[in-house]
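Shown next, in structure tokens, is the structure this report addresses.
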Amino acid sequence: MSALLELKNYIAEMVELSAAAAIAYWDARTYMPARGVETRARITGKLSRLAFERLISPKFGELLAAAEKELAEASEAERAMVRMGKRDHERARAIPPDFYQKFVELCTKAESVWEKAKAEANFALFKPYLAEIVDMVREMAKMIGYKEHPYDALLEEYEPGMTTARVGEILGGLREKLVPFLRELLERGTPPPPVPEGKYRKESQKALCAEALRLMGYDFSAGRLDDSAHPFTIGLGPGDTRVTNRYNEEDPFPALFGALHEGGHALYDQGVPAELYWMGLGGGASYGVHESQSRFWENQIGRSLAFWEFFKPKLSRRFRVFARKTPEEIFRMVNKVEPSLIRVEADEVTYNLHICLRFELEVELIAGKLKVEELPERWNAAMKEYLGVVPPDDAKGVLQDVHWSGGSFGYFPSYALGNLYAAQFMEALRADLPDLPENLRKGNTAPVLSWLRERIHRFGRMYFPEELCEKVTGEKLSAEPFLRYLREKYAQVYRL
Ligand code: CO
Numbered sequence: 035m036s037a038l039l040e041l042k043n044y045i046a047e048m049v050e051l052s053a054a055a056a057i058a059y060w061d062a063r064t065y066m067p068a069r070g071v072e073t074r075a076r077i078t079g080k081l082s083r084l085a086f087e088r089l090i091s092p093k094f095g096e097l098l099a100a101a102e103k104e105l106a107e108a109s110e111a112e113r114a115m116v117r118m119g120k121r122d123h124e125r126a127r128a129i130p131p132d133f134y135q136k137f138v139e140l141c142t143k144a145e146s147v148w149e150k151a152k153a154e155a156n157f158a159l160f161k162p163y164l165a166e167i168v169d170m171v172r173e174m175a176k177m178i179g180y181k182e183h184p185y186d187a188l189l190e191e192y193e194p195g196m197t198t199a200r201v202g203e204i205l206g207g208l209r210e211k212l213v214p215f216l217r218e219l220l221e222r223g224t225p226p227p228p229v230p231e232g233k234y235r236k237e238s239q240k241a242l243c244a245e246a247l248r249l250m251g252y253d254f255s256a257g258r259l260d261d262s263a264h265p266f267t268i269g270l271g272p273g274d275t276r277v278t279n280r281y282n283e284e285d286p287f288p289a290l291f292g293a294l295h296e297g298g299h300a301l302y303d304q305g306v307p308a309e310l311y312w313m314g315l316g317g318g319a320s321y322g323v324h325e326s327q328s329r330f331w332e333n334q335i336g337r338s339l340a341f342w343e344f345f346k347p348k349l350s351r352r353f354r355v356f357a358r359k360t361p362e363e364i365f366r367m368v369n370k371v372e373p374s375l376i377r378v379e380a381d382e383v384t385y386n387l388h389i390c391l392r393f394e395l396e397v398e399l400i401a402g403k404l405k406v407e408e409l410p411e412r413w414n415a416a417m418k419e420y421l422g423v424v425p426p427d428d429a430k431g432v433l434q435d436v437h438w439s440g441g442s443f444g445y446f447p448s449y450a451l452g453n454l455y456a457a458q459f460m461e462a463l464r465a466d467l468p469d470l471p472e473n474l475r476k477g478n479t480a481p482v483l484s485w486l487r488e489r490i491h492r493f494g495r496m497y498f499p500e501e502l503c504e505k506v507t508g509e510k511l512s513a514e515p516f517l518r519y520l521r522e523k524y525a526q527v528y529r530l
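Position in the sequence shown counted from 1, then plus 34, gives you our numbering.
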């Protein structure tokens with residue numbers, strides 16, 4: 035057997051184990067009875083450990099080295115398999131298992147302390163845990179290694195190939211333009227009408243969400259829509275990509291846009307060829323590129339006027355209160371801009387400012403330039419400067435996100451980069467498909483999906499995000515397309 039084939043078999047086995055763990059995870063978040071928790075933790079723990087042992091095994095290293103010698107005749111996908119396999123193997127091996135185990139235990143403890151601290155709006159409670167997490171994360175950055183900035187080592191987990199300097203340049207430039215733009219909208223713009231008050235039955239919302247998913251091209255014969263406390267998408271392998279959602283009976287839009295968002299993630303997973311999936315190349319180019327696909331459908335498509343010209347009758351068929359509204363009114367209603375304290379509830383204009391703030395604080399923490407006890411004050415000052423609002427307490431400020439308690443430093447930028455990739459991809463798509471608005475008005479999204487499949491989905495995780503971005507758009511990632519998109523759209527929404 036050739037070394038490449040042997041490597042392929044080895045990787046497929048790791049993927050099988052991860053997929054089994056993912057099914058157990060999905061079930062735990064949807065249908066598992068309350069008393070199943072302990073058994074499930076044992077099973078998922080075992081499956082994850084088996085996959086991890088294979089990942090760090092010297093055997094994997096040997097197979098990779100042997101396969102590297104056969105690359106001259108290998109396909110592009112095989113070369114990517116070796117490149118990504120090496121990267122994953124080396125990153126996982128950089129941290130000694132004992133150290134990692136200690137870190138996981140610390141984070142498990144810290145997460146429950148964080149929950150309590152958030153409920154009581156008491157940062158002091160969480161502070162010592164966060165300080166310890168930051169120390170260990172800084173240590174891990176050293177173990178992993180980096181060229182310029184320790185934060186590079188952390189970013190790499192979520193955005194392969196990205197650097198702190200690049201992200202700083204992109205997000206810094208974005209922030210400079212967003213802050214005055216937001217002020218202009220709020221001072222000079224005409225705010226959109228509010229969502230009508232009423233009871234929006236869950237079952238009707240769910241049916242509407244399924245309709246939206248079908249419209250996008252989500253394949254229900256290769257997926258499902260279920261309920262969960264927090265919406266998520268999970269790829270369980272070729273032929274099985276599931277989404278979940280939640281419903282607020284006072285407002286039908288969070289669930290609808292949640293469905294479009296998760297549907298966007300799911301279309302990406304459904305579009306990765308089975309062959310790549312088993313080579314460890316499923317899952318998308320990066321967290322940011324994955325988020326670009328969800329944001330693309332949620333915002334670029336779902337919050338456009340053309341979409342509402344088609345979809346408005348579907349909405350008012352389920353909810354009569356919208357019957358006399360025009361598509362333009364709905365379009366404006368779902369694009370309301372409001373500086374708020376909570377990231378997950380933020381609109382398109384303010385969302386990235388929440389991310390800029392977190393990125394700046396994380397970089398300083400990891401560089402050792404900012405102490406954990408200074409966080410609340412710095413947080414509140416930045417909120418005032420960027421968004422003009424100040425949290426009344428730390429629960430609505432520095433304690434709001436789960437990420438730091440889980441040790442996930444370097445994750446936040448992916449959310450903002452996702453928005454930027456989405457806008458840059460949309461500009462390229464519009465150049466290729468000039469009749470896009472006309473198609474959307476007719477409810478024809480098929481050309482959009484084919485374009486995304488052809489340019490992005492079919493490559494899975496073969497390329498680094500910036501390589502993919504250049505392949506798709508001819509340019510490196512930049513904040514300009516996103517800013518152009520905001521200016522054009524919100525001039526219409528706010529009648530500037
Ligand atoms: Co997402």
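Beta carbons are placed, not taken as given, at the ideal position from N, Cα and C, and that holds for glycine.
- Neighbourhood of ligand 1, defined by CB distance below 6 Å to any of its heavy atoms: H295, H299, E325 and S328, in chain order.
- DSSP, read as helix, strand or coil, puts R276 in strand.
- Approximately 6 Å separates the beta-carbon atoms of G223 and L530; this is inside 8 Å, confirming the contact.
- A Cβ-Cβ distance of about 7 Å is found for the pair N279 and E296, placing them in contact under the 8 Å criterion.
- Taking every protein chain shown into account, the CB of Y65 has fewer than 16 other CB atoms within 10 angstroms, so this residue is exposed.
- Here N282 is bridged, per DSSP, to D285.
- Here T142 carries a helix assignment [DSSP, helix/strand/coil].
- Its chain contains S448, Y449 and G452 as the residues whose beta carbon lies nearer than 7 Å to that of E325, once the 5 sequence neighbours on both sides are disregarded; these appear in chain order.
- For F254, the number of other beta carbons within 10 angstroms of its own is below 16, and it is reported as exposed.
- In the assembly as shown, A55 is a buried residue. Its beta-carbon has 16 or more other beta-carbons within 10 Å.
- By the Cβ test, the segment 77 to 85 is in contact with the segment 44 to 55, since at least three Cβ pairs between them sit closer than 8 Å.
- The three-state reading of DSSP puts G452 in helix, counting H, G and I together.
- The DSSP-derived three-state label of I129 is coil.
- P481 and E149 have their alpha carbons spaced roughly 45 Å apart.
- Comparing C-alpha distances from F498 to each of K405, W60 and Y321 shows the shortest one belongs to Y321.
- A distance below 9 Å separates the beta carbons of R217 and G422.
- In this model, R329 and L467 are separated by some 19 Å (Cα to Cα).
- Note that the C-beta distance between A513 and G207 is below 9 Å.
- Taking C-beta atoms under 8 Å as the contact rule, A155 and D469 fail to qualify, at a distance of about 52 Å.
- For I90, the three-state secondary structure derived from DSSP is helix.
- Under the Cβ criterion (8 Å, minimum of three pairs), the segment 346 to 354 counts as touching the segment 238 to 253.
- As far as DSSP is concerned, L270 takes part in no beta bridge.
- When the alpha-carbon of P286 is set against those of T360, M367 and A62, the nearest one is in M367.
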